[in-house]
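K.L.:
Residue numbers (the working numbering), protein chains in the order written: chain V, 10 to 255; chain G, 436 to 504.
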């Protein structure tokens with residue numbers, strides 16, 4: 010007995026971290042595993058909540074700022090604190106982001122009537138066409154593809170962050186907000202990167218369902234798809250506003 | 436006309452998403468060597484456990500401290 014005490018205590022691997030992982034991987038049954046159906050249904054639930062929030066934000070534009078702030082905090086909590094609890098945070102994220110989007114769309118509509126439905130149509134049009142391209146194998150996400158998209162996304166985030174900080178000092182990076190050729194080109198680039206992030210989300214969900222990840226990852230996959238869709242919608246709205254203002 | 440066209444586009448796209456999303460991706464997409472390895476650390480641990488290839492089989496021996504002195 011004493012010769013195998015380590016094996017008895019920790020299992021076949023002596024590393025306790027490995028042992029915990031094995032136990033976690035083996036304890037959930039087949040019904041508790043992630044599926045494509047579940048991820049798509051949960052995305053539909055989040056979209057419905059987002060539309061509900063947008064309806065509220067459209068009618069009460071004052072909800073825009075609190076919706077954006079609470080939604081942003083909930084996104085950070087879901088990503089960095091508890092992906093396993095995405096089932097309880099993601100619906101609130103969708104509803105609050107919906108309020109923010111509804112308010113933003115109202116202000117865009119006041120300036121350029123009809124721009125909201127154009128942005129919604131183009132966002133979902135891109136979603137459907139990229140899903141088809143992914144499922145049929147026309148677009149093949151690889152590690153290099155992921156690295157390229159991730160780098161570009163981080164670069165855009167950094168640029169927006171610097172522009173945001175500079176705006177407090179009465180300055181800014183003018184060309185990214187201008188309606189000139191460079192500003193429109195930049196927006197087209199950002200829309201392209203946001204759209205290609207959808208392909209990574211599709212691959213993450215497909216891979217998770219294929220490998221049988223835990224059920225809560227359906228919510229996490231749906232949440233990541235929602236984050237990308239919200240970003241894509243805002244970028245398309247911004248691009249359309251630049252085009253209409255010329 | 437603008438609202439009708441983009442409204443139909445939205446509904447059609449959501450319909451495609453809801454149906455196509457539940458279908459497994461093509462073999463051309465799934466059976467590739469250069470697929471992204473999402474969460475490679477966790478899955479490699481699971482894989483090691485399943486095939487047992489990384490486990491060194493044998494009997495554990497007690498370390499006798501007095502023998503080293």
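The C-beta atom is built at its ideal place from N, Cα and C for all residues, glycine as well. Since we're looking at a predicted model, the values are computed, not measured.
Distance check for residue 192 (chain V) and residue 186 (chain V), CA to CA, integer angstroms please.
P.N.:
On the first chain, position 177 is the one that residue 186 (chain V) refers to. On the first chain, position 183 is the one that residue 192 (chain V) refers to. Cα-Cα distance, rounded: 6 angstroms.
K.L.:
Where do the ends of the alpha helix (DSSP H) carrying residue 236 (chain V) lie?
P.N.:
To locate residue 236 (chain V), count along the first chain from 1; it is residue 227. Taken as a continuous stretch (DSSP letters only), the alpha helix (DSSP H) holding residue 236 (chain V) covers 225-253.
K.L.:
Could you work out which residues of chain G lie near residue 151 (chain V), taking near to mean beta carbons separated by less than 9 angstroms?
P.N.:
Along the first chain, read from residue 1 onward, the residue named residue 151 (chain V) stands at position 142. Those are 467, 469, 470, 471, listed as they occur along chain G.
K.L.:
Restricting to Cα atoms, I'd like to know which of V:116, V:169, V:236, V:180 is closest to residue 71 (chain V).
P.N.:
Residue mapping note: residue 71 (chain V) aligns to position 62 of the first chain, counting from 1. If we check each option's Cα against that of residue 71 (chain V), V:116 comes out closest.
K.L.:
I'd like the ranges of any alpha helix (DSSP H) spanning at least 4 consecutive residues and lying wholly in the region 142-201 of chain V.
P.N.:
152-176
K.L.:
Which residue comes first and which comes last in the alpha helix (DSSP H) that contains residue 102 (chain V)?
P.N.:
In the first chain, the residue the question calls residue 102 (chain V) occupies position 93. Residue 102 (chain V) -> alpha helix (DSSP H) spans 95-120.
K.L.:
Relative to chain G, which residues along the region 207-239 of chain V have a C-beta separation below 9 angstroms, given in chain order?
P.N.:
Residues of the region 207-239 of chain V with a Cβ closer than 9 angstroms to any Cβ of chain G, in chain order: 209, 211, 212, 213, 214, 215, 216, 217, 218, 219, 220, 222.
K.L.:
If we ignore side chains and look at the alpha-carbon of each, how far apart do residue 69 (chain V) and residue 234 (chain V) end up?
P.N.:
One-based indexing of the first chain puts residue 69 (chain V) at position 60. One-based indexing of the first chain puts residue 234 (chain V) at position 225. Answer to the nearest angstrom: the Cα atoms are 26 angstroms apart.
K.L.:
Which same chain residues, not among the five before or five after residue 255 (chain V), have their C-beta less than 7 angstroms away from its C-beta?
P.N.:
Within the first chain, residue 255 (chain V) is the residue found at index 246, counting from 1. So the list reads 188, once near-sequence residues are dropped.
K.L.:
Just checking my contact of residue 227 (chain V) with residue 51 (chain V) at CB under 8 angstroms: how many whole Å lie between their CB atoms?
P.N.:
The sequence position of residue 227 (chain V) within the first chain is 218, counting from 1. The sequence position of residue 51 (chain V) within the first chain is 42, counting from 1. Indeed they touch by this definition, with Cβ atoms about 5 angstroms apart.
K.L.:
Please confirm if the region 60-69 of chain V is in contact with the region 91-101 of chain V, defined as three or more CB-CB distances below 8 angstroms between the two stretches.
P.N.:
no
K.L.:
Tell me, to the nearest whole angstrom, how far the beta carbon of residue 175 (chain V) is from that of residue 182 (chain V); I am working on the premise that it is less than 8 angstroms.
P.N.:
Looking up residue 175 (chain V) in the first chain gives position 166. Looking up residue 182 (chain V) in the first chain gives position 173. Between residue 182 (chain V) and residue 175 (chain V) the Cβ distance is about 7 angstroms, and since that is below 8 angstroms, they are a contact.
K.L.:
Could you name the residues that DSSP lists as bridge partners for residue 42 (chain V)?
P.N.:
Residue numbering aside, residue 42 (chain V) sits at position 33 when the first chain is read from its first letter. The partner list for residue 42 (chain V) (beta bridge, DSSP) reads V:223.
K.L.:
Near residue 61 (chain V), what residues of its chain come up, given a Cβ to Cβ distance below 7 angstroms and the 5 sequence neighbours on each side ignored?
P.N.:
For this step, residue 61 (chain V) is matched to residue 52 along the first chain. For residue 61 (chain V), where only same-chain residues beyond five positions count, the Cβ hits under 7 angstroms are 104, 107.
K.L.:
Identify which residue in V:190, V:44, V:125 has its Cα closest to the Cα of residue 110 (chain V).
P.N.:
Position 101 of the first chain holds residue 110 (chain V). The option with the nearest alpha carbon to residue 110 (chain V) is V:125.
K.L.:
For my contact list, residue 209 (chain V) and residue 158 (chain V) are in at a C-beta cut-off of 8 angstroms; report their separation, rounded to the angstrom.
P.N.:
Residue numbering aside, residue 209 (chain V) sits at position 200 when the first chain is read from its first letter. Residue numbering aside, residue 158 (chain V) sits at position 149 when the first chain is read from its first letter. The beta-carbon distance between residue 209 (chain V) and residue 158 (chain V), rounded to whole angstroms, is 6 angstroms. This is short enough to meet the 8 angstroms contact definition.
K.L.:
Can you tell me whether residue 442 (chain G) is buried or exposed? The criterion is at least 16 other CB atoms within 10 Å of its CB, across all chains shown.
P.N.:
Residue mapping note: residue 442 (chain G) aligns to position 7 of the second chain, counting from 1. The residue in question, residue 442 (chain G), is exposed, as its Cβ has fewer than 16 Cβ neighbours within 10 Å.
K.L.:
Can you tell me whether residue 470 (chain G) is helix, strand or coil according to DSSP?
P.N.:
The sequence position of residue 470 (chain G) within the second chain is 35, counting from 1. Here residue 470 (chain G) sits in strand by DSSP.
K.L.:
Let me see if you follow: with CB-CB separation under 8 angstroms, is residue 45 (chain V) close to chain G or not?
P.N.:
Residue 45 (chain V) sits at position 36 when you count from the first residue of the first chain. At least one chain G Cβ lies under 8 angstroms of residue 45 (chain V).
K.L.:
Compare the beta carbon distance of residue 211 (chain V) and residue 156 (chain V) with 8 angstroms and say whether it is the shorter of the two.
P.N.:
For the purposes of this step, residue 211 (chain V) is taken as the residue at position 202 of the first chain. For the purposes of this step, residue 156 (chain V) is taken as the residue at position 147 of the first chain. Using a Cβ distance threshold of 8 angstroms, residue 211 (chain V) and residue 156 (chain V) do not count as a contacting pair.
K.L.:
Are the C-beta atoms of residue 104 (chain V) and some chain G residue less than 8 angstroms apart?
P.N.:
To locate residue 104 (chain V), count along the first chain from 1; it is residue 95. Judged by the 8 angstroms Cβ criterion, residue 104 (chain V) is not in contact with chain G.
K.L.:
Just how far apart, CA to CA, sit residue 452 (chain G) and residue 49 (chain V)?
P.N.:
Counting from one through the second chain, the residue named residue 452 (chain G) turns up at place 17. Counting from one through the first chain, the residue named residue 49 (chain V) turns up at place 40. If you take the alpha carbons of residue 452 (chain G) and residue 49 (chain V), they lie about 8 angstroms apart.
K.L.:
Starting from the C-beta of residue 90 (chain V), find all residues in its chain whose C-beta is less than 7 angstroms away, skip the five residues before and the five after it, and write them out in chain order.
P.N.:
For the purposes of this step, residue 90 (chain V) is taken as the residue at position 81 of the first chain. Cβ neighbours of residue 90 (chain V) beyond the five flanking positions: none.
K.L.:
Helix, strand or coil for residue 88 (chain V), going by three-state DSSP, please let me know.
P.N.:
For the purposes of this step, residue 88 (chain V) is taken as the residue at position 79 of the first chain. If DSSP states are grouped into helix, strand and coil, residue 88 (chain V) belongs with the helices.
K.L.:
Name the chain V residues whose beta carbon is nearer than 7 angstroms to that of residue 501 (chain G)?
P.N.:
Residue 501 (chain G) sits at position 66 when you count from the first residue of the second chain. Within 7 angstroms Cβ-Cβ: nothing; residue 501 (chain G) doesn't reach chain V, min ~16 angstroms.
K.L.:
Using a beta-carbon distance below 8 angstroms, is residue 90 (chain V) in contact with chain A?
P.N.:
Of the chains in the structure shown, none is chain A; the protein chains are V and G.
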